[in-house]
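A.B. asks: Residue numbers (the numbering used here): 202 to 477. Note that CB positions come from ideal geometry on N, CA and C, so glycine has one too.
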Amino acid sequence: MTGARLIHVRRAVLAVLGLVWLFPTYLIVANALRPAGDYDPSDAVKPPSSIGLFDNIAQAWDRTAVGDTLLSTLLYSVVSPALAVLMGALAGYAIVVLRLRHGFAWFVVIFAGTIVPFQMLLVPLFVGYSKVTLYDDHLGLIIIYSAINVPLAALVMRNFFGNVAVSIFEAARLDGASTFRIFWRIYLPLSAAALAAVFILEFTFVWNDLLFGLTLSQSPTVRPVWAELSALTTDVYAGTPVPIALAAGLVVSLPTVAIFLATQRLFTRGLTLAQF
């Protein structure tokens, strides 16, 4: 097989795989656009004959407290990743730059949190939060979202700081700068792209979380948006048509898509600098 023909075959295979990967997205969009009364499971693959997206969104808004939960979700998605990125950067700085004693062991301890499935944390968290009045509280969710995002930030920043010349730290120390000042004024600005890439990933994770939101909150002013939208069951006996639930989910997903599209160059550059 010639080189040109091989290229065409590869492109064809990639195109087919791309269409297969996009097919579920097509189903979501097509049925979210469909008027709620026109939905038929047997015709779910067909394009909608008319557009009912805005009516579906309005009905979803009326049936749930989406407005209140969006503000809470934005709070969690900004504050928790920011705290996690800062703590991960501090951990990477201490382990790599300051050469903390038994630094690799400390890194293993930090990263070991990713080994435990999140489902195993739910019962201890629920019991503990109930005892210390953090259940159904903004602070409680900020704490857990920050904690579970620290290991990724620590991993990325450890890799990034390992590629920064040690002479930068030594020169700053000779000039009389304190350890924290070097971190804050030199290493943080140098790692801005890597920090932004981690922040985007963790923003997306927190925004899309359902597990912790369902377990650790119940009031509309505290619950994350996906936990609130879970009330829009697609069971026919509940009286909520499928297009309404899909339209709500489609709209709520837009912020994460917009962030990736707006920061894709920064995101790619940050991950490249981290050198996994």
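Under 6 Å Cβ to Cβ from GLY329, same chain only, skipping five residues before and after it: list those, please.
C.D. replies: As a first step, residue 329 is located in the sequence shown; it is residue number 128 there, counting from the start. There are no such residues.
A.B. asks: Whose C-alpha, out of THR464, SER454 and THR469, is nearest the C-alpha of VAL230?
C.D. replies: Along the sequence shown, one-based indexing puts residue 230 at 29. For the residues THR464, SER454 and THR469, the minimum Cα distance to VAL230 belongs to SER454.
A.B. asks: So, with DSSP's three-state summary, where would you put GLY304?
C.D. replies: The count along the sequence shown starts at 1 and reaches residue 304 at position 103. Three-state DSSP puts GLY304 in a helix.
A.B. asks: Please work out which residues of its chain come closer than 7 Å, Cβ to Cβ, to ILE311, disregarding the five sequence neighbours upstream and downstream, and give them in chain order.
C.D. replies: Within the sequence shown, the letter at position 110 stands for residue 311. Result list for ILE311: ALA292, VAL351, PRO352 and ALA355, in chain order.
A.B. asks: Could you pull out every residue in the same chain whose Cβ sits closer than 8 Å to the Cβ of PHE404, ignoring the five residues on either side in sequence?
C.D. replies: Reading the sequence shown from its first residue, position 203 is the one you call residue 404. So the qualifying residues of the chain are SER278, VAL279, PRO282, THR457 and ILE460.
A.B. asks: Does DSSP classify PHE468 as helix, strand or coil?
C.D. replies: The residue you call residue 468 lines up with position 267 of the sequence shown. In the structure shown, PHE468 sits in a helix (DSSP, three-state: H, G or I).
A.B. asks: With LEU430 and THR265 assumed to form a contact (beta carbons below 8 Å), what rounded beta-carbon distance in angstroms separates them?
C.D. replies: On the sequence shown, residue 430 is found 229 positions in, with the first residue counted as 1. On the sequence shown, residue 265 is found 64 positions in, with the first residue counted as 1. Confirmed, Cβ separation roughly 6 Å.
A.B. asks: Cutting at 7 Å between CB atoms, please list the residues of its own chain near LEU254, excluding the five before and the five after it.
C.D. replies: Along the sequence shown, one-based indexing puts residue 254 at 53. The residues are ALA233, LEU234 and ALA448.
A.B. asks: Could you tell me the alpha carbon to alpha carbon distance between ALA367 and PHE381, rounded to whole angstroms?
C.D. replies: Numbered from its first residue, the sequence shown carries residue 367 at position 166. Numbered from its first residue, the sequence shown carries residue 381 at position 180. For the record, residue 367 in the displayed sequence is Val; it is not Ala. Answer to the nearest angstrom: the Cα atoms are 16 Å apart.
A.B. asks: Buried or exposed: where does ALA259 fall if 16 or more other Cβ atoms within 10 Å of its Cβ makes it buried?
C.D. replies: On the sequence shown, position 58 is the one that residue 259 refers to. Result: exposed.
A.B. asks: Quick check on PRO282: does DSSP put it in helix, strand or coil?
C.D. replies: Residue numbering aside, residue 282 sits at position 81 when the sequence shown is read from its first letter. PRO282 falls in the helix class under three-state DSSP.
A.B. asks: Where do the ends of the alpha helix (DSSP H) carrying THR416 lie?
C.D. replies: By 1-based counting over the sequence shown, the position of residue 416 is 215. Unbroken alpha helix (DSSP H) run through THR416: 412 to 417.
A.B. asks: Nearest-angstrom Cα distance between GLY289 and MET358?
C.D. replies: Counted from its first residue, the sequence shown places residue 289 at position 88. Counted from its first residue, the sequence shown places residue 358 at position 157. Answer to the nearest angstrom: the Cα atoms are 7 Å apart.
A.B. asks: Going by C-alpha distance, which of ILE349, ILE369 and ALA432 is nearest ALA313?
C.D. replies: Stepping through the sequence shown from its first residue, residue 313 is reached at position 112. Of the candidates ILE349, ILE369 and ALA432, the one whose C-alpha sits nearest the C-alpha of ALA313 is ILE349.
A.B. asks: Which of the three DSSP states is assigned to GLY268 in this structure?
C.D. replies: Locating residue 268 in the sequence shown gives position 67, counting from the first residue. GLY268: helix per DSSP, three-state reduction.
A.B. asks: Pop quiz: ALA372 and LEU467 are said to be a contact at Cβ under 8 Å. What is the actual Cβ separation, rounded to whole angstroms?
C.D. replies: Locating residue 372 in the sequence shown gives position 171, where the first residue counts as 1. Locating residue 467 in the sequence shown gives position 266, where the first residue counts as 1. Incorrect: roughly 28 Å between the Cβ atoms, too far for contact.
A.B. asks: Closer than 7 Å by C-beta to VAL452: which residues in its own chain qualify, once you throw out the five before and the five after it? Chain order, please.
C.D. replies: As a first step, residue 452 must be located in the sequence shown, where it is residue number 251. The answer, listed in chain order, is ILE258.
A.B. asks: Between the stretch 375 to 389 and the stretch 316 to 325, can you find at least three pairs of beta-carbon atoms closer than 8 Å?
C.D. replies: The answer is no - the stretch 375 to 389 does not touch the stretch 316 to 325, with fewer than three Cβ pairs under 8 Å.
A.B. asks: So does the stretch 334 to 349 actually touch the stretch 412 to 420, counting three or more Cβ pairs closer than 8 Å?
C.D. replies: Yes, the stretch 334 to 349 is in contact with the stretch 412 to 420.
A.B. asks: Anyone know if the C-beta pair for PRO442 and ALA237 falls short of 8 Å?
C.D. replies: Here the question's residue 442 lines up with position 241 in the sequence shown. Here the question's residue 237 lines up with position 36 in the sequence shown. Contact: yes.
A.B. asks: If you run the structure through DSSP and keep just helix, strand and coil, what is ARG424?
C.D. replies: By 1-based counting over the sequence shown, the position of residue 424 is 223. The answer is coil: DSSP assigns ARG424 none of H, G, I, E or B.
A.B. asks: Going along the chain, which unbroken runs of the alpha helix (DSSP H) with 4 or more residues stay wholly within the stretch 317 to 400?
C.D. replies: Runs found: 323 to 332, 339 to 362, 367 to 375 and 380 to 383.
A.B. asks: Put PRO456 into one of helix, strand or coil per three-state DSSP.
C.D. replies: Indexing the sequence shown from 1 puts residue 456 at position 255. Helix.
A.B. asks: Helix, strand or coil for ASP241, going by three-state DSSP, please let me know.
C.D. replies: The residue labelled residue 241 in the question sits at position 40 within the sequence shown. Reduced to three states, the DSSP call for ASP241 is coil.
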